[in-house]
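Colleague: Just so you know, the protein sequences line up as chains B and D, in that order.
Quick note on this note's numbering: the first sequence kicks off at 1 and runs consecutively.
Quick note on this note's numbering: the second sequence kicks off at 1 and runs consecutively.
Yeah, the Cβ is synthetic: ideal placement off N, Cα and C, and Gly gets one too.
Small disclaimer: the values here were computed from a predicted structure and weren't measured.
I have a structure I would like to understand better, so I am pasting it below and will then ask my questions one at a time.
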Amino acid sequence: MKPKQFDYLRAETIDEAVAELAETGEDAKILAGGQSLMAMLNFRLAEPEVLVDIAGIAALSYIKDDGAMVEIGAATTQGELQAWDGLAGNLTLLHKAFPNIGHFQTRNRGTVCGSIAHADPSTELPLCLATLAGEVVLRSSRGVRKLSAAEFQQGMLTTARRPDEMVAAARYPKAVAGAGYAFREVARRRGDFAIVALAASASGDTIRLGIGGVADKPTVREWTSLADSDLDDALNAFAWDLGGYDDIHATSKYRRKLVRKLGRRVIEEAKSCQS
Amino acid sequence: MVITALKKSATGKFIGQPMERVEDETLLRGLARYADDFPVRADTLHAAMLRSPHAHAEIISIDATRALAHPGVSAVITGEDVLKLTDPFLNAVKAPMKLWSLAVGRVRYVGEALALVVADDRYIAEDAVDLIDVEYKLLQPVVDPLEAAKEDAFLIHPEAGSNVMSQRTFRYGDPETAFAEADHVVDLTIDFPRSSHTPIEGFVVCADYHSGDGIYDVLANFQGPFSVHPVMSRALRVTDTKLRLRTPGNSGGGFGVKVGIFPYIVLMCVASRLVRKPVKWVEDRYEHLAAATAAPNRVIRLEAAATKEGRVTAFRFDQTDDYGAHMRAPMPGPLYRMHGVMTGAYDIPNLAITNHLVMTNKCPSGMVRGFGGPQIYYAMERVMHRIAIELGLDPLEVIRKNLVPTEKMPFKAAAGAELDSGDYEKAVAIACRDGKLDEILRRRDQARKEGRIYGIGYAAVIEPTQSNMGYLSNILTKEERHARGQQNGATSMSTVNIDPFGGISVTSDTTPQGQGHATTLSQIVADQLGVDMKDIVCNLELDTQKDPWSIAAGSYSCRFSAGPAVATHLAAVAMREKLARIAAQRLNVPPDQIEFADGKIFAIDNPDNALSFNRTAGTAHWSPGLLPEGMDAGLSEQAVWSPPQLTPPDDDDRINTSLTYGFNFDFCGIEIDRDTAELRIDHYVTIHDGGTLLNPMIADGQLLGSYAHGIAEGLYEEFIYGDDGSFKSGTFADYLVPTAYEVPEPMIFHLESPTPLTPLGAKGLAEGNCMSTPVCLANAACDALGIENIKLPLTPEKLSEIMDPDEPPPPKGHSEPDAAPAGHGHALQGQGETTVPASPDEVWATLLDPEKLAGVIPGCHQLDLVAENSYRAEVSLGVGPVRGKFTAAVRLSDLDPPHSARLSGELVGPLGSSQGGGVVTLQAVEGDKTRVNYTYEVELSGKVAAVGGRMLEGATRMVIGQFFERLVAQVGGPVVSVPWWRRLLRMLGAGQ
């Protein structure tokens with residue numbers, strides 16, 4: 001369980017990091033918190049030639065409230081965001097999701113953007129980004145582009161990031177006044193990858209429900225003026241659309257069941273939080 | 001000596017008190033030195049192993065050319081080398097099957113080592129492992145133990161002629177009559193899963209062959225029993241003295257598992273001999289989970305004969321224990337260690353047992369905390385629960401009615417265990433009263449009234465302490481035993497030394513893994529010698545060349561409190577007697593009038609007539625001439641403790657399998673979430689009668705650890721194997737060890753019924769909850785759901801399937817799910833459809849044209865035609881950052897141009913291997929297009945299946961999707977710009 005040999009670049013600036021990506025392309029990997037990547041390196045599941053460590057780039061370590069959105073830099077750890085005093089008020093959904101995100105130890109090192117860039121279909125931070133219709137900021141030596149969460153995450157561990165780009169920031173829309181948010185997940189143990197994770201927002205008579213862990217990426221459905229009596233059918237259709245997959249922890253059938261049962265619970269909770 | 005010790009009671013200032021652990025400052029601050037921390041010689045080389053991705057295969061060839069050419073590699077060692085330098089390991093059943101430290105000729109489980117690379121460092125060694133080319137011929141995997149036991153089963157060890165390596169039947173009392181006369185018979189079959197208890201620190205070996213004197217000098221975190229040492233030395237073809245084995249004073253957890261290191265010790269000895277340098281190997285987590293060891297999974301059919309009042313008159317066991325691919329010492333312990341107590345805590349005079357010992361293509365079984373107990377009690381306590389349900393009785397009453405009554409103590413159980421002390425009924429009463437059973441019963445009523453799912457479970461078990469080394473003799477018939485000679489007993493050895501200034505050191509034949517042995521030994525010695533615990537140093541490293549040879553040495557079978565602790569007590573008593581005689585002469589009083597306290601030795605009647613402890617001790621070193629006549633100089637007392645009760649089996653196969661027997665009783669209340677089927681432990685109570693508590697705090701710590709392991713077995717941990725023998729639990733994200741969050745605190749109670757068989761009165765209590773907790777939880781789940789039986793672990797998905805077997809159908813007009821549910825451990829299956837903008841003839845031509853096919857196979861670098869319709873390809877496959885290089889063999893068969901064909905193939909690479917196949921059908925559709933339908937079935941094995949389970953199905957679908965995506969591109973289809981996942985969904989028939 002030792003990685004294959006690689007070169008290591010501890011970038012001091014964003015320009016230095018993206019210059020390396022421009023030169024090496026697919027064979028370079030960004031290292032931030034390393035909570036997924038290091039394990040993959042040790043298992044030799046990934047064998048990059050160059051690791052570009054961005055954890056020390058000061059310009060990437062920030063949490064910025066720009067009015068409509070909260071932007072989180074790529075070197076900001078999950079622990080730092082969890083400890084941000086604006087979290088509960090501005091990012092209510094994330095605030096509710098955080099106790100499910102890994103463990104204290106992994107949050108200490110793992111970054112918000114690292115989780116988004118990794119694009120594991122069961123993780124909470126990409127799910128919240130998708131549910132809130134947030135954005136991902138990509139940087140390369142060619143410039144900056146912004147993608148919606150839905151555009152960015154394409155499938156299992158697969159994103160729209162081009163080989164010369166790095167995820168520079170994630171932008172989460174701020175909580176809407178009067179809206180309600182709820183989060184729920186089922187995992188085998190606390191902090192495990194979700195079997196199913198559910199994030200919901202209720203704003204006016206619009207409900208958004210995001211589901212992680214069932215399809216190969218977090219998937220969001222929005223309903224307006226959905227009658228309570230139609231909710232079960234809507235959730236059943238959503239569950240079957242997501243399909244689900246089998247692994248040693250759960251069958252696709254169990255995953256679909258959680259979408260139906262907890263979908264209702266989490267939507268009801270989000271509605272109850274509306275003011 | 002024993003008599004003296006029994007006279008001097010073992011209670012004092014420290015024994016029985018919750019003394020703080022002397023180890024904790026070192027352990028908790030990370031200052032302890034573990035095996036990997038020991039310095040090694042500068043020229044030490046490091047080892048890594050090539051492990052089989054297949055469950056069962058013949059090794060056709062191993063080509064190490066590329067690995068040996070890798071800079072920094074010293075040697076690649078294979079089965080041929082171990083065949084030359086070692087003999088096969090001895091196995092207890094004497095079956096004609098051979099086990100070496102590397103696979104020879106055949107691999108029999110995923111993870112079995114077949115080559116060892118020795119290199120300058122571990123990184124280089126692992127690089128080289130990936131460069132070894134092996135050609136395998138796949139053999140039929142045998143995974144299910146009942147299938148393996150069938151006469152026509154594929155053989156794992158052909159030379160043995162069967163996969164059943166031993167079969168024995170035992171009969172005690174008159175079970176036939178008891179069953180014939182029973183009012184009611186309960187018949188239940190349980191299938192206990194495979195799991196382990198995983199130490200934080202894995203195996204570590206550093207072996208150094210001294211070519212001058214032919215001695216193998218080894219440091220390893222082996223945990224004993226040292227009865228396995230001769231198994232290693234015989235394999236190495238040396239006497240025991242030429243295999244010097246040293247164990248460190250600290251080991252990062254053991255739980256029995258660390259006896260499984262012994263084949264690696266031999267392997268590193270061979271490596272060191274070949275490269276003439278020390279060779280070190282540190283096991284990693286994947287190696288540990290795939291290949292270290294496991295408690296055997298077991299199928300038990302248990303029938304119970306009962307009166308209509310619920311009094312059990314007989315048990316009939318039929319046990320099939322799955323030992324995996326090889327029989328390694330000290331197997332088949334789990335099948336025989338509990339033999340004497342197969343009637344548990346109950347007074348049941350009639351007993352029949354049939355034991356089948358079966359091999360399968362899984363990791364070899366070994367010692368794991370609980371050692372055979374969890375399996376037996378799962379059957380027994382589930383059956384006790386069933387008796388109550390079927391007779392309309394209260395499960396608790398059925399347990400109570402059958403407990404061995406205290407007035408029958410000591411009680412000889414049907415199969416030979418001599419239950420030495422205890423008041424089981426009283427323990428149950430205390431637990432129910434102080435553990436608030438009434439309230440839990442009320443809670444259940446209330447919950448059920450509210451439509452919630454709540455259940456209560458009970459379990460009563462006997463926890464054996466200090467195994468009789470003769471229990472394995474019962475594998476043999478009495479005739480064979482008489483012919484071969486019988487083993488028995490369990491010896492412990494300790495030494496107490498005092499230096500010229502009164503400093504006390506203790507050595508003992510134990511291998512602590514965090515239990516606090518040094519604390520308990522310090523308490524024992526400090527009490528005898530009237531000193532402070534901090535004046536005592538315990539050195540618990542073992543060295544087979546320097547310590548007295550102790551065959552039972554090690555930490556296992558709850559041995560400590562009735563073994564090494566007793567030997568230490570006896571050594572301390574002997575030391576006290578010697579010091580008393582020295583002091584008596586100086587103080588002018590008889591030795592029996594001497595007392596020890598507060599660092600002083602004094603006359604009982606006149607405490608001012610005193611000597612300092614240190615001065616008295618100094619006399620024995622500095623002034624031997626002043627010692628009482630006939631007394632040896634120096635202060636070193638060694639004691640040997642070998643209790644006489646541990647006799648070999650008698651001619652009726654009765655055996656007292658352990659020295660002393662504790663009791664524990666548990667009950668719990670659990671609730672299952674109606675929506676998610678998650679199981680929550682609402683209340684857990686456990687009471688133990690472990691005899692005298694030497695240190696109540698350590699006792700509770702042991703109980704909590706054992707309870708956590710019980711929860712692990714009950715709710716979380718399982719080694720999962722596919723039908724093809726692939727191993728699927730290769731990381732801690734797949735093999736789920738509960739964390740503190742998952743282990744709600746139990747209520748713990750104690751009753752102390754000292755064993756009369758040792759001077760300390762203590763029994764073991766560190767394994768009881770591994771035995772009681774899994775079945776207690778299962779009984780509660782069965783109570784909650786009103787079901788007859790259930791298999792562990794109690795996963796939410798499993799419970800959900802019981803609660804809601806039917807799924808609401810998809811809404812009208814919704815397509816069926818694209819992939820057939822694969823289930824656990826089965827091949828990944830799927831189907832899909834895509835439309836290609838070309839005629840069937842063109843598509844067909846693409847599939848048959850090597851150049852074009854190369855463009856269709858995802859990640860294909862090179863494709864060579866090796867025979868008609870048969871190709872060899874180099875491909876890199878993966879999702880996202882996960883990439884692996886594989887060699888693929890692809891075949892086209894069942895050709896029906898241009899309508900259908902079967903594609904099949906195998907992939908092999910460092911990440912593992914895969915076999916699969918599928919049928920492609922082409923159908924012309926309007927607009928000169930072709931509708932391509934495909935089905936596939938893929939089996940994955942090796943590292944990728946073991947560590948990537950969560951991603952596998954998605955990744956497989958993706959790669960197969962890519963194949964058809966490329967097919968579209970190859971036949972000139974438009975380059976589609978929608979995200980690939982949408983394309984994939986479309987190809988897979990969803991999201992159209």
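Assuming Asn90/B and Asp65/B make a contact with CB atoms under 8 Å, what is their CB distance in whole Å?
Modeller: 6 Å
Colleague: If you count every other CB in all the chains shown that lies within 10 Å of the CB of His814/D, and 16 or more means buried, which is it?
Modeller: exposed
Colleague: For the region 940 to 954 of chain D, enumerate the residues whose C-beta is nearer than 9 Å to any C-beta of chain B, in chain order.
Modeller: Lys943, Val944, Val947, Gly948, Gly949, Arg950, Met951, Leu952, Glu953, Gly954
Colleague: Out of Gly514/D, Ile698/D, Val496/D, Leu627/D, state which residue places its alpha-carbon closest to the alpha-carbon of Gln638/D.
Modeller: Val496/D
Colleague: Starting from Ser913/D, find everything on chain B with Cβ-Cβ shorter than 8 Å and list it in chain order.
Modeller: Residues of chain B passing the Cβ test: none, with the nearest at roughly 15 Å.
Colleague: Using a Cβ-Cβ distance under 8 Å, would Phe193/B count as near chain D?
Modeller: yes
Colleague: Can you list the residues of chain B that Thr887/D reaches, using a CB-CB cut of under 9 Å?
Modeller: Going along chain B, no residue has its Cβ under 9 Å from Thr887/D, so there is no contact; the nearest lies around 16 Å.
Colleague: Looking at C-alpha atoms only, which residue of Met493/D, Leu472/D, Cys558/D, Pro591/D is the closest neighbour of Trp549/D?
Modeller: Met493/D
Colleague: Along the region 247 to 268 of chain B, where does the CB come closer than 8 Å to a CB of chain D? Name the residues.
Modeller: Those would be Asp247, Ile248, His249, Ala250, Thr251, Ser252, Lys253, Tyr254, Arg256, Lys257, Leu258, Arg260, Lys261, Leu262, Arg265, in chain order.
Colleague: Going along chain D in order, which residues have a C-beta closer than 7 Å to the C-beta of Ser245/B?
Modeller: In the sequence as displayed, the identity of residue 245/B is Tyr instead of Ser. From the beta-carbon of Tyr245/B, the residues of chain D found nearer than 7 Å are Glu953, Gly954.
Colleague: Among all the DSSP beta bridges, which residues are the ones paired with Asp896/D?
Modeller: Ser900/D
Colleague: Using alpha carbons as the reference points, say which of Ala459/D, Ala597/D, Ser893/D, Thr519/D lies closest to Pro607/D.
Modeller: Answer by Cα proximity: Ala597/D.
Colleague: Under three-state DSSP, which class holds Leu188/D?
Modeller: Strand, per DSSP.
Colleague: In chain order, which continuous runs of the beta strand (DSSP E) of length 3 or greater are located wholly inside the region 779 to 862 of chain D?
Modeller: 828 to 836, all fully within the region 779 to 862 of chain D.
Colleague: So, for Glu147/D: in the same chain, excluding its five sequence neighbours on each side, which residues have a beta-carbon less than 8 Å away from its beta-carbon?
Modeller: Ala153
Colleague: Grab the span of the beta strand (DSSP E) containing Pro278/D for me, first residue to last.
Modeller: That residue, Pro278/D, is in no beta strand (DSSP E); it is neither H nor E in DSSP.
Colleague: Can you pull the chain B neighbours of Glu678/D, defined as C-beta to C-beta under 7 Å?
Modeller: Val186
Colleague: Are the CB atoms of Val531/D and Leu521/D nearer to each other than 8 Å?
Modeller: no
Colleague: Verify whether the separation of the beta carbon atoms of Ile462/D and Gly333/D is less than 8 Å.
Modeller: no
Colleague: Closer than 8 Å, CB to CB, is Ala822/D near chain B or not?
Modeller: Here the model assigns Ala822/D a pLDDT of 44, short of 50, so the residue's position is not dependable, and the following value carries that caveat. Output row for Ala822/D: interface = yes.
Colleague: Is Ile63/B helix, strand or coil by DSSP?
Modeller: strand
Colleague: Check whether the region 182 to 201 of chain B and the region 232 to 239 of chain B touch, using three or more Cβ-Cβ pairs below 8 Å as the test.
Modeller: no
Colleague: Against chain B, with Cβ distances strictly below 8 Å, would Tyr684/D count as a contact?
Modeller: no
Colleague: So, for Ala571/D: in the same chain, excluding its five sequence neighbours on each side, which residues have a beta-carbon less than 7 Å away from its beta-carbon?
Modeller: Ser494, Thr495, Val496, Glu637, Gln638, Ala639
Colleague: Looking at Ile655/D and Asn355/D, is the spacing between their C-beta atoms short of 8 Å?
Modeller: no
Colleague: For His46/D, write down the residues that DSSP places opposite it in a beta bridge.
Modeller: Beta-bridge partners of His46/D (DSSP): Ala119/D, Lys280/D.
Colleague: Whose Cβ in chain D lies nearer than 9 Å to the Cβ of Lys96/B?
Modeller: Within chain D, no residue comes near Lys96/B; the closest Cβ sits about 17 Å away, beyond 9 Å.
Colleague: Beta-carbon separation of Gly155/B and Met951/D under 8 Å?
Modeller: no
Colleague: Between the alpha carbons of Arg256/B and Trp240/B, how many angstroms are there, rounded?
Modeller: 7 Å
Colleague: So for His356/D, helix, strand or coil by DSSP?
Modeller: strand
Colleague: Could you tell me whether any Cβ in chain D is nearer than 8 Å to the Cβ of Lys146/B?
Modeller: With its beta carbon at least 8 Å from every one in chain D, Lys146/B lies outside the interface.
Colleague: Within its chain, find whatever has a CB closer than 6 Å to the CB of Ala459/D; leave out the 5 residues flanking it on each side and keep chain order.
Modeller: For Ala459/D, same chain residues with a beta-carbon under 6 Å away, outside a window of 5 residues either side, are Glu381, Asp666, Ser772, Val775, Cys776 in chain order.
Colleague: Could you tell me whether the Cβ of Thr233/B comes closer than 8 Å to any Cβ of chain D?
Modeller: Sequence inspection shows Asp at residue 233/B; the Thr mentioned does not correspond to that position. For Asp233/B, the answer is yes, since a Cβ of chain D falls inside 8 Å of its Cβ.
Colleague: Count the other CB atoms, across all protein chains shown, that sit within 10 Å of the CB of Gln862/D; report buried if there are 16 or more and exposed otherwise.
Modeller: With fewer than 16 other Cβ atoms inside 10 Å of its own Cβ, Gln862/D counts as exposed.
Colleague: Considering Pro607/D, what are the terminal residues of the beta strand (DSSP E) in which it resides?
Modeller: 606 to 612
Colleague: How would you call Val866/D, buried or exposed, if buried means at least 16 neighbouring beta carbons within 10 angstroms?
Modeller: exposed
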